[in-house]
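Asks: Questions regarding the structure given below will be posed in turn.
In the numbering used here, the protein residues as written are 122 to 200.
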């Protein structure tokens, strides 16, 4: 309706809230805890290293059997 009437489509806020909700869900699942929007927004979690190069060490490495660490509810720290 907005396009036909010449209005502006402003979905940025809804998109941002939707993305934050997905991030919040992952954080809650990995930690096994209730996490508020404020806790998620104030989290110091960094999913990417400061610098990424071809020689960078990956954030997680496999163990001797080739298995990678799995997030465990109640044990994995996300905030």
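Beta carbons: idealized from backbone N, C-alpha and C, even for Gly.
Report yes if the CB atom of residue 169 is closer than 7 Å to the CB atom of residue 161, and no otherwise.
Replies: Against the chain shown, residue 169 aligns to sequence position 48. Against the chain shown, residue 161 aligns to sequence position 40. No; because the gap between Cβ atoms is not below 7 Å, this pair is not in contact.
Asks: What ranges does the alpha helix (DSSP H) occupy inside the region 152-184, keeping only unbroken runs of at least 4 residues that lie completely in it?
Replies: As far as the region 152-184 is concerned, its whole alpha helix (DSSP H) runs of at least 4 residues are 158-162.
Asks: By alpha-carbon positions, which one of 178, 134 and 159 ends up nearest to residue 145?
Replies: For the purposes of this step, residue 145 is identified with residue 24 of the chain shown, where counting begins at 1. Among 178, 134 and 159, the Cα nearest to that of residue 145 belongs to 159.
Asks: Could you have a look at residue 196 and say whether DSSP puts it in helix, strand or coil?
Replies: Locating residue 196 in the chain shown gives position 75, where the first residue counts as 1. Coil at residue 196, not helix or strand.
Asks: Taking the alpha-carbon positions, what's the residue 163 to residue 199 distance?
Replies: Residue mapping note: residue 163 aligns to position 42 of the chain shown, counting from 1. Residue mapping note: residue 199 aligns to position 78 of the chain shown, counting from 1. Their backbone Cα atoms lie some 11 Å apart in a straight line.
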